[in-house]
Amino acid sequence: MAIPSAIDLDLQAVRRQFPALGLKIDGQPAVYLDNPAGTQVPQRVIDRTADYWRTMNANQGGSFATSRRSDALMADVRQAAATFVNAASADEIVFGPNMTTLTFAVSRAIGRELRPGDEIVVTRLEHDANVSPWLALQERGVTVRFVDIIVPECTLDMHDLHRQLSARTRLVAVTHASNAVGTVPDLAEVSRAAHAAGAWLWVDAVHYGPHGSIDVRAIDCDFLVCSSYKFYGPHQGILYGRRELLERLHPYKVRPASDEGPTRWETGTQNHECLAGLLGALEYLAGLGGADRVVRPALEAAMHRIRAHERALAARLIDGLQQIAGIQIYGITDPQALDHRVPTVSLTWPPHRPEALARWLAAHQVFTWHGNHYATEVIARLGLVEQGGTLRIGMAHYNTASEVDLVLELLAGYRP
Ligand SMILES: Cc1ncc(COP(=O)(O)O)c(C=O)c1O
Numbered sequence: 033m034a035i036p037s038a039i040d041l042d043l044q045a046v047r048r049q050f051p052a053l054g055l056k057i058d059g060q061p062a063v064y065l066d067n068p069a070g071t072q073v074p075q076r077v078i079d080r081t082a083d084y085w086r087t088m089n090a091n092q093g094g095s096f097a098t099s100r101r102s103d104a105l106m107a108d109v110r111q112a113a114a115t116f117v118n119a120a121s122a123d124e125i126v127f128g129p130n131m132t133t134l135t136f137a138v139s140r141a142i143g144r145e146l147r148p149g150d151e152i153v154v155t156r157l158e159h160d161a162n163v164s165p166w167l168a169l170q171e172r173g174v175t176v177r178f179v180d181i182i183v184p185e186c187t188l189d190m191h192d193l194h195r196q197l198s199a200r201t202r203l204v205a206v207t208h209a210s211n212a213v214g215t216v217p218d219l220a221e222v223s224r225a226a227h228a229a230g231a232w233l234w235v236d237a238v239h240y241g242p243h244g245s246i247d248v249r250a251i252d253c254d255f256l257v258c259s260s261y262k263f264y265g266p267h268q269g270i271l272y273g274r275r276e277l278l279e280r281l282h283p284y285k286v287r288p289a290s291d292e293g294p295t296r297w298e299t300g301t302q303n304h305e306c307l308a309g310l311l312g313a314l315e316y317l318a319g320l321g322g323a324d325r326v327v328r329p330a331l332e333a334a335m336h337r338i339r340a341h342e343r344a345l346a347a348r349l350i351d352g353l354q355q356i357a358g359i360q361i362y363g364i365t366d367p368q369a370l371d372h373r374v375p376t377v378s379l380t381w382p383p384h385r386p387e388a389l390a391r392w393l394a395a396h397q398v399f400t401w402h403g404n405h406y407a408t409e410v411i412a413r414l415g416l417v418e419q420g421g422t423l424r425i426g427m428a429h430y431n432t433a434s435e436v437d438l439v440l441e442l443l444a445g446y447r448p
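Here it is in structure tokens:
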């Protein structure tokens with residue numbers, strides 16, 4: 033399939049598919065720039081979820097029609113999720129409530145194999161959901177090492193990565209994109225270095241998911257986690273694990289549950305209606321790439337369009353922010369280097385506190401986030417704990433240039 037160009041993203045057609053974008057909140061149109069904490073959903077997701085309730089609501093594994101439909105749905109979603117991350121097989125996909133829960137579940141299982149003196153390497157770019165589950169293994173005598181970042185661009189310090197790795201490293205945990213400052217690290221290099229040290233690579237793709245094409249085979253990672261509420265779907269976690277590892281490790285599970293295939297990792301009854309919604313989100317993305325079912329070329333085409341549009345939005349926002357005296361942006365700002373970031377822009381503007389700025393924007397129905405964004409290591413490294421973290425303006429592909437202009441205008445006119 034030919035990759036369509038950026039101008040192929042028909043923004044008005046995109047926005048029409050998201051019911052929330054057309055609604056007024058408290059009598060005023062809302063501007064959603066809170067996307068890193070969760071995106072809005074297209075009608076397809078709502079329809080898929082409602083259709084599950086209406087036509088197939090049942091537990092799995094029964095001999096009656098609705099149960100068989102639930103089984104079939106689950107198989108379809110697993111295959112679609114495998115296509116989304118480019119896994120070789122649907123057997124490498126595990127579902128769970130969210131990324132954090134899945135990461136704790138697998139980190140505990142990995143911990144069963146670790147010995148005192150083993151090491152895990154994480155980075156200071158991470159959301160804490162990719163730090164605390166590894167720190168928890170310190171109780172088994174495991175040492176956790178941190179890779180530093182270069183400030184204020186907030187890129188990974190690759191020299192430090194190589195310094196932290198050794199023959200004792202068992203796992204490297206790294207983000208595909210920072211939810212605080214937008215950096216997209218060079219995962220190919222991290223992967224090469226981790227594997228050269230004999231370690232497994234764990235990738236947190238939660239923040240990258242809405243912005244770019246995830247490809248576990250290209251990254252050559254051993255595990256990857258993402259969450260569909262960040263890419264236009266419901267609250268649903270997804271784990272990719274290399275088949276051999278999912279089979280070899282021992283999950284904490286109840287005895288009667290299957291010990292075969294990916295379901296051995298899925299504790300309790302899954303959230304079927306959200307899984308139906310996840311299928312809807314992937315169908316939406318495939319549709320953006322010109323297909324009516326979830327096939328890889330269409331997902332890649334969709335992400336290509338999304339990235340091109342978002343790059344233009346990021347350039348416009350960064351350029352506008354740089355015109356406002358006193359605003360400090362944390363993250364990549366070089367217009368030539370925007371491929372190395374997603375359109376998640378963090379800033380401070382002393383002496384104004386990020387919370388006050390977010391409140392001002394919210395009063396004008398522009399939704400942003402302030403604080404540490406659970407990326408506590410980044411915020412501490414930037415020395416921003418005392419002043420309340422950053423203001424984060426997080427764009428998605430349905431945002432428009434006029435929304436960017438509005439947020440710039442509001443910030444320029446800020447009155448404490
Ligand atoms: C980069 C990143 N990783 C992990 C998480 C945690 O994801 P979940 O809410 O699915 O547990 C988030 C949530 O904001 C995130 O942005």
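This note's numbering applies: residue 33 is where the sequence shown begins, and numbers increase by one. Glycine is no exception: its CB is placed at the ideal position from the N, C-alpha and C atoms.
Quick check on residue i: buried or exposed, where buried means 16 or more other Cβ atoms within 10 Å of its Cβ?
| i | result |
| --- | --- |
| Ile35 | Interpretation of Ile35 is limited by its pLDDT of 44, a score under 50 that renders its predicted location unreliable; no figure is taken from the coordinates. |
| Glu435 | buried |
| Thr408 | buried |
| Tyr284 | exposed |
| Val117 | buried |
| Asp66 | buried |
| Ile125 | buried |
| Gly430 | Here residue 430 turns out to be Tyr, not Gly, going by the sequence shown. Flag for Tyr430 reads buried. |
| Leu307 | buried |
| His191 | exposed |
| Ile356 | exposed |
| Val222 | buried |
| Arg274 | buried |
| Phe96 | exposed |
| Asp254 | buried |
| Ser37 | Annotation note: pLDDT 45 at Ser37 (below 50); position unreliable, coordinate value reported separately. Result: exposed. |
| Leu443 | buried |
| Glu276 | exposed |
| His402 | buried |
| Ala113 | buried |
| Gln196 | buried |
| Pro386 | buried |
| Gln49 | buried |
| Arg147 | exposed |
| Arg80 | buried |
| Ala24 | Past the edges of the chain, shown from 33 to 448, lies residue 24, and the structure says nothing about it. |
| Gln72 | buried |
| Trp232 | buried |
Give the DSSP bridge partners of residue i, in chain order.
| i | result |
| --- | --- |
| Asp66 | Gly426 |
| Glu387 | DSSP output for Glu387 lists no bridge partner at all. |
| Thr455 | Residue coverage of the chain in this structure runs from 33 to 448, which leaves residue 455 outside it and unanswerable. |
| Ala205 | Trp234 |
| His402 | Leu423 |
| Gln60 | Ile57 |
| Gly273 | Phe255 |
| Leu379 | Ile361, Leu423 |
| Glu151 | Thr175, Thr201 |
| Thr215 | Arg373 |
| Val126 | Leu271 |
Can you tell which of the options has its C-alpha closest to the C-alpha of residue i?
| i | options | result |
| --- | --- | --- |
| Thr201 | Phe255, Ala228, Gly403 | Ala228 |
| Pro129 | His267, Glu158, Met106 | His267 |
| Ala340 | Val326, His372, Arg328 | His372 |
| Val439 | Val63, Arg101, Asp40, Thr71 | Val63 |
| Cys258 | Ser290, Val206, Val179 | Val206 |
| Glu185 | Leu167, His194, Ile251, Ser210 | Ser210 |
| Arg447 | Thr432, Val326, His396 | His396 |
| Thr380 | Gln368, Leu353, Val374 | Leu353 |
| Gly214 | Ala347, Gln111, Ala119, Asp254 | Ala347 |
| Leu105 | Arg144, Glu305, Glu342 | Glu305 |
| Thr245 | Phe263, Trp234, Ala231 | Reading off the sequence, residue 245 comes out as Ser, not Thr. Ranking the options by Cα distance to Ser245, first place goes to Phe263. |
| Ala318 | Ala444, Thr400, Leu203, Val77 | Val77 |
| Ser102 | Leu188, Pro288, Val216, Thr301 | Thr301 |
| Ala120 | Ile359, Leu414, Gly173, Arg328 | Arg328 |
| Arg177 | Tyr362, Ile338, Glu418, Val163 | Val163 |
| Ala52 | Gly230, Gln75, Gln44, Leu331 | Gln75 |
| Trp166 | Leu188, Asp180, Asp189, Ala141 | Ala141 |
| Asp252 | Leu203, Asp291, Ala45, Ala220 | Ala220 |
| His282 | Pro288, Ala289, Arg296 | Arg296 |
| Arg110 | Pro294, Ser198, Ser290, Leu193 | Pro294 |
| Gly321 | Gly312, Gly309, His336, Leu310 | His336 |
Closer than 5 Å to ligand 1: residues, by C-beta to nearest heavy atom, in chain order: Asn130, Met131, Thr132, His159, Ala161, Asn211, Asp236, Val238, His239, Ser259
**Segment contact, 8 Å Cβ cut-off, at least three pairs: the segment 87-98 with the segment 234-246** = no
Taking 8 Å as the cut-off, does the segment 142-158 touch the segment 398-412 (at least 3 CB pairs, one atom from each stretch)?
yes
- Query: Three or more C-beta pairs closer than 8 Å, one from the segment 386-397 and one from the segment 414-431: is that the case here?
  - Reply: yes
Would you call the segment 264-280 in contact with the segment 129-138, where contact means no fewer than 3 C-beta pairs closer than 8 Å?
yes
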